[in-house]
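Undergrad: Supplied in structure tokens, the structure appears directly below.
Numbering (my numbering), first residue to last: 119 to 568.
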């Protein structure tokens with residue numbers, strides 16, 4: 119089977135494989151300007167910022183806080199300072215023959231402060247918090263998944279741009295083939311009218327030639343509509359105005375197709391599989407985080423500030439306060455146990471999805487390979503058909519001009535030539551489209567994450 123396949127490939131590759139400069143430019147333009155890809159790149163940037171935020175929680179935090187309180191009334195306490203000290207002060211004044219010790223008054227001190235402020239800088243730092251570690255790890259997994267999401271779409275977009283461009287080139291070639299057929303029909307109509315004018319032809323031949331002219335003209339319009347649709351779709355993919363012109367570039371089957379088909383398709387490194395493996399790792403991290411529920415969390419803080427009444431500031435008002443906080447979860451109503459079960463069920467579901475996805479990718483790759491082999495064989499078959507149709511038309515055309523062949527035979531030969539040309543055109547670009555599909559299924563288009 120492989121020997122037969124390589125024989126077909128070698129015969130096909132005698133067709134020049136032109137450079138793909140314009141196609142490469144369209145692909146590059148699409149990878150930069152495509153709207154969906156821009157949105158996915160925004161999501162990627164968001165995931166990157168989430169990871170940076172998760173890392174920032176490991177750094178000390180500095181904040182400035184201030185409180186102002188002023189109250190009247192409420193609970194109070196009686197302090198009998200006068201009753202306790204005045205007798206002593208009077209005795210001291212008599213002994214010293216002076217008034218150095220004035221009489222004190224009893225004090226009624228309320229608990230709520232009046233005109234009181236507290237301004238401070240607080241430095242806080244997590245000495246040990248397992249949640250921060252797992253949140254950082256989870257954010258990293260989310261970032262990797264976002265990167266592969268972008269890569270998957272870049273691969274898909276590359277394939278769609280290639281196929282859209284090949285569809286445009288195929289439709290443009292179809293227009294040219296029909297235009298060439300129209301020239302033959304116009305020539306036939308001219309000859310038929312001349313023969314009728316000279317009494318050597320039949321009016322029916324002229325009517326038949328005119329009908330063929332209208333038929334081919336209608337097919338040109340149809341092919342032109344297909345070309346415009348293909349152009350619009352390509353411009354849509356690369357985010358250009360839909361009416362912008364697309365430069366035609368002839369394409370042959372590239373030499374690399376022999377190497378591509380020489381090995382069996384490998385889907386183990388597909389971005390989709392790596393992405394779901396990363397998601398499985400993320401679910402395992404979530405399970406571990408929930409299982410670490412009972413691990414203590416230790417935080418510390420340092421306050422540097424000033425507090426006093428009547429906005430006083432001095433050595434008596436300035437202070438520092440250092441503290442350590444220990445948090446040990448004990449009971450949460452079974453929520454953590456339920457979260458563990460939910461994460462385990464999610465992980466089991468992901469394993470099932472991975473198995474199914476792996477099989478789907480294998481089937482898609484094998485199907486794409488078979489379609490490519492069939493498309494290449496179709497190119498060879500249609501080439502033989504075109505050569506036979508061209509030779510047959512040349513004979514009939516010569517005989518028709520000499521009067522030995524009828525108009526019906528001429529039209530039939532011309533139809534065969536046109537159909538064979540169209541089939542070869544369709545087969546060649548279909549082979550290129552199938553190659554783009556196979557490259558997508560095996561990720562051999564060399565499109566990587568930026």
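Cβ coordinates follow ideal geometry from the N, Cα and C atoms, glycine included.
Among residues of its own chain, excluding the 5 on either side of residue 365, which ones have a beta-carbon nearer than 7 Å to its beta-carbon?
TA: If you number the chain shown from 1, residue 365 lands on position 247. Correct list, in chain order: 140.
Undergrad: By Cβ distance below 6 Å, which residues in the same chain neighbour residue 179 in space, the five residues on each side in sequence not counted?
TA: Counting from one through the chain shown, the residue named residue 179 turns up at place 61. Excluding positions up to five away in sequence, the list reads 242.
Undergrad: Which term fits residue 195, buried or exposed, when burial requires 16 or more other beta carbons within 10 angstroms of its beta carbon?
TA: Taking the chain shown and counting its residues from 1, the one referred to as residue 195 is at position 77. The residue is exposed, with fewer than 16 neighbouring Cβ atoms inside 10 Å.
Undergrad: If we require 4 or more residues per run, which alpha helix (DSSP H) segments fall completely within the segment 348-411?
TA: Within the segment 348-411, the complete alpha helix (DSSP H) runs of at least 4 residues are 374-379, 389-409.
Undergrad: When burial is assigned at 16 or more other CB atoms within 10 Å of the CB, is residue 524 buried or exposed?
TA: On the chain shown, position 406 is the one that residue 524 refers to. Under this definition residue 524 is an exposed residue.
Undergrad: So which of 276, 515, 388, 548 has the shortest CA-CA distance to residue 143?
TA: Walking along the chain shown from the start, residue 143 turns up at place 25. Nearest of 276, 515, 388, 548 to residue 143, Cα basis: 276.
Undergrad: With three or more C-beta pairs closer than 8 Å as the rule, is the segment 394-405 touching the segment 466-486?
TA: With the cut-off at 8 Å, the segment 466-486 and the segment 394-405 touch.
Undergrad: Determine the closest residue to residue 293 out of 249, 256, 348, 227, with distance taken between C-alpha atoms.
TA: The sequence position of residue 293 within the chain shown is 175, counting from 1. The shortest C-alpha separation from residue 293 is found at 348.
Undergrad: Rounded to the nearest angstrom, what separates residue 155 and residue 560 at their Cα positions?
TA: Looking up residue 155 in the chain shown gives position 37. Looking up residue 560 in the chain shown gives position 442. The straight-line gap from Cα to Cα measures roughly 21 Å.
Undergrad: Provide the residue span of the beta strand (DSSP E) that contains residue 237, from first to last.
TA: Position 119 of the chain shown, counted from the first residue, corresponds to residue 237. Residue 237 -> beta strand (DSSP E) spans 234-246.
Undergrad: Could you pull out every residue in the same chain whose Cβ sits closer than 7 Å to the Cβ of residue 238, ignoring the five residues on either side in sequence?
TA: What you label residue 238 is simply residue 120 of the chain shown in a count that begins at 1. 183, 421, 422, 423, listed in sequence order.
Undergrad: Check whether the Cβ atoms of residue 345 and residue 286 lie closer than 8 Å to each other.
TA: By one-based count along the chain shown, residue 345 stands at place 227. By one-based count along the chain shown, residue 286 stands at place 168. Yes; because the gap between Cβ atoms is below 8 Å, this pair is in contact.
Undergrad: Could you tell me if residue 536 is buried or exposed, where buried requires 16 or more neighbouring beta carbons within 10 angstroms of its beta carbon?
TA: Taking the first residue of the chain shown as position 1, residue 536 is located at position 418. Buried, by the Cβ-count rule.
Undergrad: With DSSP run on the structure shown, which of helix, strand or coil describes residue 433?
TA: Within the chain shown, residue 433 is the residue found at index 315, counting from 1. Correct three-state label for residue 433: coil.
Undergrad: Look at the alpha carbon of residue 162 and the alpha carbon of residue 264, and state the distance between them as a whole number of angstroms.
TA: Residue 162 sits at position 44 when you count from the first residue of the chain shown. Residue 264 sits at position 146 when you count from the first residue of the chain shown. Those two C-alpha atoms are separated by around 5 Å.
Undergrad: Taking 8 Å as the cut-off, decide whether the C-beta atoms of residue 492 and residue 541 are in contact.
TA: On the chain shown, position 374 is the one that residue 492 refers to. On the chain shown, position 423 is the one that residue 541 refers to. Cβ distance not < 8 Å, so residue 492 and residue 541 don't count as in contact.
Undergrad: If residue 385 sits next to residue 479, beta carbons under 8 Å apart, how far is it from one beta carbon to the other, in whole angstroms?
TA: Reading the chain shown from its first residue, position 267 is the one you call residue 385. Reading the chain shown from its first residue, position 361 is the one you call residue 479. Correct: roughly 4 Å between the Cβ atoms.
Undergrad: Taking the continuous alpha helix (DSSP H) assigned at residue 521, which residues delimit it?
TA: Start at 1 with the first residue of the chain shown, and residue 521 comes out as number 403. First-last for residue 521: undefined, no H or E at that position.
Undergrad: Tell whether a beta-carbon distance below 8 Å holds between residue 188 and residue 234.
TA: The sequence position of residue 188 within the chain shown is 70, counting from 1. The sequence position of residue 234 within the chain shown is 116, counting from 1. Cβ atoms of residue 188 and residue 234: closer than 8 Å.
Undergrad: Name the residue from 170, 198, 503 whose alpha carbon lies nearest to the alpha carbon of residue 250.
TA: Taking the chain shown and counting its residues from 1, one reaches residue 250 at position 132. Answer by Cα proximity: 170.
Undergrad: Can you confirm whether the segment 446-458 touches the segment 406-417 when touching is taken to mean that 3 or more C-beta pairs between the two stretches lie within less than 8 Å?
TA: Touching, per the Cβ criterion.
Undergrad: Taking the alpha-carbon positions, what's the residue 120 to residue 158 distance?
TA: Position 2 of the chain shown, counting from 1, holds the residue named residue 120. Position 40 of the chain shown, counting from 1, holds the residue named residue 158. Per-residue confidence for residue 120 stands at a pLDDT of 42, beneath the threshold of 50, marking its modelled position as unreliable; no derived number is given.
Undergrad: Are the Cβ atoms of residue 312 and residue 327 separated by less than 8 Å?
TA: By 1-based counting over the chain shown, the position of residue 312 is 194. By 1-based counting over the chain shown, the position of residue 327 is 209. Their beta carbons are not under 8 Å apart, which means residue 312 does not touch residue 327 by this criterion.
Undergrad: Is it buried or exposed, residue 301, if we count other Cβ atoms within 10 angstroms and call 16 or more buried?
TA: Here residue 301 refers to the residue found at position 183 when the chain shown is read from its first residue. It is exposed - the Cβ of residue 301 has fewer than 16 other Cβ atoms within 10 Å.
Undergrad: Under 8 Å between the Cβ atoms of residue 296 and residue 337?
TA: Position 178 of the chain shown, counted from the start, is the residue given in the question as residue 296. Position 219 of the chain shown, counted from the start, is the residue given in the question as residue 337. Yes; because the gap between Cβ atoms is below 8 Å, this pair is in contact.
Undergrad: Which residue or residues does DSSP assign as beta-bridge partners of residue 196?
TA: Your numbering for residue 196 matches position 78 in the chain shown. Its beta-bridge partners are 226.
Undergrad: If we call anything under 8 Å between Cβ atoms a contact, is residue 538 one with residue 504?
TA: Reading the chain shown from its first residue, position 420 is the one you call residue 538. Reading the chain shown from its first residue, position 386 is the one you call residue 504. Result yes, Cβ atoms of residue 538 and residue 504 sit closer than 8 Å.
Undergrad: Where does the unbroken beta strand (DSSP E) through residue 184 begin, and where does it stop?
TA: Stepping through the chain shown from its first residue, residue 184 is reached at position 66. Looking at the DSSP string, the run of the beta strand (DSSP E) that includes residue 184 is 179-187.
Undergrad: Smallest Cα separation from residue 429: which of 232, 213, 304, 217?
TA: Within the chain shown, the letter at position 311 stands for residue 429. Here the closest residue by C-alpha is 232.
Undergrad: Give me the Cβ distance between residue 383 and residue 483, rounded to the nearest whole Å; I'm assuming they're in contact under 8 Å.
TA: Counting from 1 along the chain shown, the entry for residue 383 is found at position 265. Counting from 1 along the chain shown, the entry for residue 483 is found at position 365. Right, the Cβ-Cβ distance comes to about 4 Å (below 8 Å), so this counts as a contact.
Undergrad: Which residues in the same chain have their Cβ closer than 6 Å to the Cβ of residue 439, if we skip the five residues on either side of it in sequence?
TA: Residue numbering aside, residue 439 sits at position 321 when the chain shown is read from its first letter. The residues are 421.
Undergrad: By the 10 Å Cβ neighbour count, where 16 or more other Cβ atoms means buried, how is residue 449 classified, buried or exposed?
TA: Start at 1 with the first residue of the chain shown, and residue 449 comes out as number 331. Residue 449 comes out exposed.
Undergrad: Quick check on this structure: which residue in 402, 375, 213, 203 has the alpha carbon closest to the alpha carbon of residue 223?
TA: Here residue 223 is taken as the residue at index 105 of the chain shown, counted from 1. It is 203.
Undergrad: Taking the alpha carbon of residue 353 as the point to measure from, which residue in 281, 331, 375 has its own alpha carbon closest?
TA: Position 235 of the chain shown holds residue 353. For the residues 281, 331, 375, the minimum Cα distance to residue 353 belongs to 281.
Undergrad: Hey, how far is the Cα of residue 307 from the Cα of residue 145?
TA: Start at 1 with the first residue of the chain shown, and residue 307 comes out as number 189. Start at 1 with the first residue of the chain shown, and residue 145 comes out as number 27. C-alpha separation (whole angstroms): 45 Å.
Undergrad: Counting along the chain, where does the beta strand (DSSP E) carrying residue 147 start and finish?
TA: Numbered from its first residue, the chain shown carries residue 147 at position 29. Segment 139-151 is the alpha helix (DSSP H) holding residue 147; no beta strand (DSSP E) there.
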